[in-house]
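Data block below; observations after.
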Amino acid sequence: MKKAIATLVTLLALVGVVNAESVKVDSGLKKYEVVPGVSGTLNSIGSDTLNNMMTLWAEAFKRLYPNVTVQIEGKGSSTAPPALIEGSSQLGPMSREMKSKEVDVFEKRFGYKPTKVGVAIDALAVFVHKDSPIKGMSLVDVDSAFSSTYKLGGKDAKVWGDFGLEGSFKDKPISLYGRNSASGTYGFFLKTALGKGSYKTTVKEQPGSAAVVNSIANDISGIGYSGIGYKTSGVRALPLSKSGKSYNEPTLGNCLNKSYPLARILNIYVNKKPGQKLNKLTIEFIKFALSKQGQEIVVKDGYYPLPAAAAKAFLSALEK
Amino acid sequence: MDQPEKYQISKWTLFVDSFMSKFITVGGLSVIAAVLLILIFIGKEVIPLLEEAKVSPLETIDLPKVDIEHVAVDEWTTLPAFITKNSVYLVNLQKNNEISSKQFELENNSPITAVNYDQERQLVALGNSKGHVSLVELNYSQEFLDKYENGRQKSKTIFTMSQKPYLALAEDEAKVIKIAANQSESTKIVAAVTEKNNQQQLLVVTLKQSVDLFGNVSDDLTVDEKLNFTEYITGKIQKIIISSQADSILVYTDKNEVFSFRTKNGKIGFSQKFEPFKDEADKEIASMNYLFGSSTVIFSNKTGRFLGFSIYKPSEDMPRVFGLTKTTFDDLDGGAEVFSRSLRNKSFLVSNGKRIKLMYSTSESVNWEDTLDYDIKHSIISGKYDRILLVDDKNKLNILKLSDPHPEASVKTYFSKVWYEGQPEPKYLWSSTGGTEEAEKQLSMMPLIFGTLKATFYAMLFAVPIAILAAIYTSQFLPDSWKTIIKPLMEVMASLPSVIIGFLAALILAPMVEAKVPSIILVIVSVPLAAFIMGSAWSYLPPKIRYKCTEGMEFVFFAPILILVTVVAWNMGPVLESWFFTVVDSQGREIISFSRWWSESLGYEYTQKNAMIVGFAMGFAVIPIIFTIAEDSLSNVPKSLTSASLALGASRWQTTWRVVIPTASAGIFSACMIGLGRAVGETMIVLCAAGGTGLMEMNIFNGMRTLSLNLATELPEAAKQGTLYRTLFFGALILFVLTFIINTVAEIIRQHIRNKYKTV
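Line by line, the protein sequences give chains A and B. Here my numbering is used: the first residue of the first sequence is -3, the next is one more, and so on. Here my numbering is used: the first residue of the second sequence is 19, the next is one more, and so on.
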């Protein structure tokens, strides 16, 4: 009995530690206030990384406005621009920035560029199996593991011993997992962690972020990348450094001061006519996402909230 | 003479008869029409890939008679600008080509002696006679009007420029004679050649500023380093270029040598010296320019040869250096006097005198060429790759419309090995989305075709023997009462959705197989061997015992033994593994693991989702199809033939082997071919179990990327009418043609076999 209590106390203490470390939203964020006259259907097509968060926002938003329906589809960031252009969606969540060719097509149709609204911060994490002894990696190491062009100065790494691991891991081949090419995560990782190089052909493409994490959890020599929000107990997010051995954990603070090198902004793109306001439903949804409640949902989903100043800047850009 | 009415065929029967025969004809024809329509639809999406670039003149504008150094243009091609040593002249195409100008600021009244313009960053670098340099940013923004044209909101382009910082680069106040500058998000680099008393110096300054996560640049631009690279250079510098990531400087000298300086660990330093035309008759460099993305540099010499150099890692232990990768560009007499690059793809425009060519680096092809009626002095391709601006020797600006929607598409990119940027050798690669615009699109069809054939091969290797042997056994040896159970069961198996087979294969079979490869090998070898031995032994048994068993029921005795053999073989697997498949790790310990042995002793890769899994799973989907059709054709062999054979004293096996199989061979063959057709186009199973890696190895233990998988994963995300979209349809066309060829060949062979055995 005593033992059980002791375990319980330890567990509670652990929870306490986790809570103490957990992310708090910026107190400067405004609380969302319900406004009258919001109803209709809102469509969102785009990123898989943002899919959970969009769903959570939509649920909370529907609780505030029972007359609103929100439909969400998340197959990859590349699906967002065509849907915005064809008008089949009002919100285009993307985990990377829109490419200039995609902007070109949009501009050709409307004459102006789409408007970007940052809604959350993501630390793109490099995951390994929970029992992997590796302490951390520099981007050069990541380049060595994933790249076939070694633009960041890496050199071919095939076994874990190439990163200085000893014991049973020394000769274990590195098993690479990644996302399919429609994903913004695929593009962002390629751009930032591989210095715009190309992937090895041996990277196993998975259809979703959760699939990457699951595969690594089942493969002791696995390594892969995915949004921090998809972290499970079977995997470990590696601390990273740009170069050298002073690794930084993917925390909010490290993301904001850019010492964690794979931090990025998750965006929602909207079709906003210059000089005109967005329609009420769309703008209220975005206001909600950038509010205190909305950013608390971000934290709940495992991503990091925006600082109040950034949220304010994004909102004021929409008011123009 | 009319027949009595009761012998006449009723009108209704006649009507139904004629209606049905027409109906069936129409039905058959519409099937053919539907197939043709699909082909036409696919063809319609593919054909525009063949289109060449179209260029047509739009307008010509007279410019003031000034010494133009560079042509600049905004991304919308509304405000072309001409940069001289003192000012920017703007031509407002939205306002009757009105020309205005803005002067650069002079420092301590010293004249500007060198000027450079970078289109990608809209950055002008200036150097003056006192060794000072400054940077000018050209900013274009849009002011939107409440006017619309075809649903597009019209706008007015506003131009502003900001000049900063000013730096005293040369301490000895030497005159700047050449300058280049570029910037990335947080770094700016200026490189200048100064001259004093006929002494040249190469001076470089790097500036840093901080950028936060949201891309907001702070105002804290500070000088990071001032460097003097003169000591590395031999000869007089002809040109300096800086990469768009601001991490690499290239210069070439009158000795025709190129010196490369690159950033390593945040510091820029000397990296490499090379002579681009070392192996050519004419060694003189005429031009040197980066392509979009700054991974490739294009050189030309006076004879008009073009060579492309890319940065790659030539071998494991060497750093990334420039190496010759592109040698088969078209010539242009006199070399590239004028050069401009696209900011959307790997196109570049070169001209000499009146002759002009638009070339594409990946495919090394010429997309457009022409001889104009004026001498070209400056050229620029607009940011959106839709206009070409040319300035001639009479200071006339010619605006041309450019339409080149699919510059990447060519036979070479689809079917030949291409030396892609950053790769150590020419390869067949598929990678349609590079993450950034600058990445070179890799669109080789070869890994996809190879993957399709590989998956099909392993599936057929597994399915054909099992299905055909099962069909022969079921139709010839099994008692009818059993046959009526087995056949429908197999047909139920055929109706299993492939997505379920695929998921079972990927989630259950793949991890299980990884640990049990030796067991599987042992089962595959020992079960047929055991069956063979048992069959032989059975025939030696005294007839007394044999006749106790009803004919066709022998399997009752065989099956338990085969199951026993399977169980024993499965459990012997680890023993076999410990005998043969061990590797010694770095600490001298022996590790028993087939997958490790495969990858370490043989040097092949072992991945969980591999061709063997796909072969099993796809075989499972194909077996019932082959089985059903083969069994039908075996059962349909006329009873008279088999009875005659048996009556003449032939055994059941002799009858089957000599009479039934040859007669039914055409049917068995078509069964295999229909199975093959199914395997070639199968999508869900490969999607789940193949891993999608675009490799070109026959290795059974790694994955593949098939045409159908590629189509299924990439088509939903491809921009409509884009190059990728059409290329994916091209893949579909290849798949279509592949199945068409297989079916045609199969039909020809089938007819041949049928004719051969017609007499029987």
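Just so it is clear, CB atoms sit at the ideal spot from N, CA and C, and this is done for glycine as well.
Check: Just mark Asn210(A) as buried or exposed, buried being the case when its beta carbon has 16 or more other beta carbons within 10 Å.; Outcome: buried
Check: CB-CB under 6 Å to Phe284(A), same chain, minus the five flanking residues each way: which ones, in chain order?; Outcome: Tyr28, Phe57 and Gly290
Check: What's the call for Glu302(B), buried or exposed, on a 16-neighbour Cβ count within 10 Å?; Outcome: exposed
Check: For the ligand SAM, I want to know if Leu756(B) counts as a neighbour, meaning its beta carbon is within less than 8 Å of at least one of the ligand's heavy atoms.; Outcome: Although the ligand SAM was asked about, the structure shown includes no ligands whatsoever.
Check: Apply the 10 Å Cβ neighbour rule to Ile579(B) and answer buried if 16 or more other Cβ atoms are within range, or exposed otherwise.; Outcome: exposed
Check: Where Val535(B) and Leu461(B) are concerned, what is the direct C-alpha to C-alpha distance, given to the nearest angstrom?; Outcome: 35 Å
Check: Check the DSSP bridge columns for Leu376(B) and list the partner residues they point to.; Outcome: Leu367(B) and Trp386(B)
Check: Keeping to the same chain, check which residues put their C-beta closer than 7 Å to that of Asp238(B); ignore five residues upstream and five downstream.; Outcome: Gln227 and Ser228
Check: Assuming the contact rule is C-beta atoms closer than 8 Å, Ser217(A) and Ser171(A) should be a hit. Round their C-beta distance to whole Å, please.; Outcome: 5 Å
Check: Let me check one thing: in DSSP terms, what residues is Pro89(A) bridge-paired to?; Outcome: Ile264(A)
Check: Comparing the C-beta of Glu17(A) with each C-beta of chain B, is any distance below 9 Å?; Outcome: Residue placement at Glu17(A) cannot be trusted, given a pLDDT of 47 that sits under 50; what the coordinates show is reported in the next sentence. Chain B, which has no Cβ nearer than 9 Å to the Cβ of Glu17(A), makes this no.
Check: What does Asn283(B) touch in chain A if you count any residue whose Cβ is under 7 Å from its own?; Outcome: Ser239
Check: Can you give, in chain order, each stretch of the alpha helix (DSSP H) that sits fully within the stretch 206 to 277 of chain A and has at least 4 residues?; Outcome: 248 to 252
Check: So, is the C-beta of Leu153(B) closer than 9 Å to a C-beta in chain A?; Outcome: no
Check: Gly712(B) versus chain A: which residues are under 8 Å apart at the beta carbon?; Outcome: Thr197
Check: Run down chain B in chain order and give the residues with a C-beta less than 9 Å from the C-beta of Pro169(A).; Outcome: Ser613, Arg614, Ser617, Glu618, Glu623 and Tyr624
Check: Which of helix, strand or coil does DSSP assign to Thr711(B)?; Outcome: coil
Check: Can you pull the DSSP bridge partners for Gly255(B)?; Outcome: It is Ile, not Gly, that sits at residue 255(B) in the sequence shown. Answer is Thr271(B).
Check: Identify which residue in Trp556(B), Phe634(B) and Asn589(B) has its Cα closest to the Cα of Gly520(B).; Outcome: Phe634(B)
Check: Assign Trp437(B) to one of three DSSP states: helix, strand, or coil.; Outcome: coil
Check: DSSP state of Phe599(B), grouped into three classes?; Outcome: coil
Check: So if I threshold CB-CB distances at 9 Å, which residues from the stretch 421 to 442 of chain B count as touching chain A?; Outcome: Tyr438, Glu439, Gly440, Gln441 and Pro442
Check: Could you tell me if Gly553(B) is buried or exposed, where buried requires 16 or more neighbouring beta carbons within 10 angstroms of its beta carbon?; Outcome: exposed
Check: Quick one, which residues of the stretch 218 to 247 of chain B are near chain A if we go by CB-CB under 9 Å, in chain order?; Outcome: Ser228, Val229, Asp230, Leu231, Phe232, Gly233 and Asn234
Check: Following the continuous beta strand (DSSP E) through Met179(B), name the residue where it begins and the one where it ends.; Outcome: Arg170 to Ala186
Check: Using the Cβ count rule (16 or more neighbours within 10 Å means buried), how would you classify Glu17(A)?; Outcome: Residue placement at Glu17(A) is poorly supported in this model, since its pLDDT is 47, which falls under 50; the coordinates still yield a value, given next. With fewer than 16 Cβ atoms within 10 Å of its Cβ, Glu17(A) is classed as exposed.
Check: Examine the Cβ distances between the stretch 171 to 189 of chain A and the stretch 487 to 504 of chain B and report whether three or more of them are shorter than 8 Å.; Outcome: no
Check: Which class does Val31(A) belong to by DSSP, given the choice of helix, strand or coil?; Outcome: coil
Check: State the start and end residues of the unbroken alpha helix (DSSP H) segment that holds Leu156(B).; Outcome: No alpha helix (DSSP H) contains Leu156(B), which is instead part of the beta strand (DSSP E) from His150 to Glu167.
Check: Determine the direct distance from the alpha carbon of Thr45(A) to that of Gly249(A), and round the result to whole angstroms.; Outcome: 21 Å
Check: With distance defined between alpha-carbon atoms, name the residue in His150(B), Gln171(B), Val543(B) and Ser118(B) nearest to Glu125(B).; Outcome: His150(B)
Check: Tell me the DSSP secondary structure of Glu17(A) in three-state form.; Outcome: A caution first: Glu17(A) carries a pLDDT of 47, below 50, which makes its placement in the model too unreliable to give a value.
Check: Label Gln202(A) either buried or exposed according to how many other C-beta atoms from any shown protein chain fall within 10 Å of its C-beta, with 16 as the threshold for buried.; Outcome: buried
Check: Buried or exposed: which applies to Pro560(B), given that a residue is buried once 16 or more other Cβ atoms fall within 10 Å of its Cβ?; Outcome: exposed
Check: Select from the stretch 201 to 232 of chain A all residues with a C-beta closer than 9 Å to any C-beta belonging to chain B, and list them in chain order.; Outcome: Glu201, Gln202, Pro203, Ser211, Asn214 and Asp215
Check: How big is the Cα-Cα spacing for Ser360(B) and Glu455(B)?; Outcome: 11 Å
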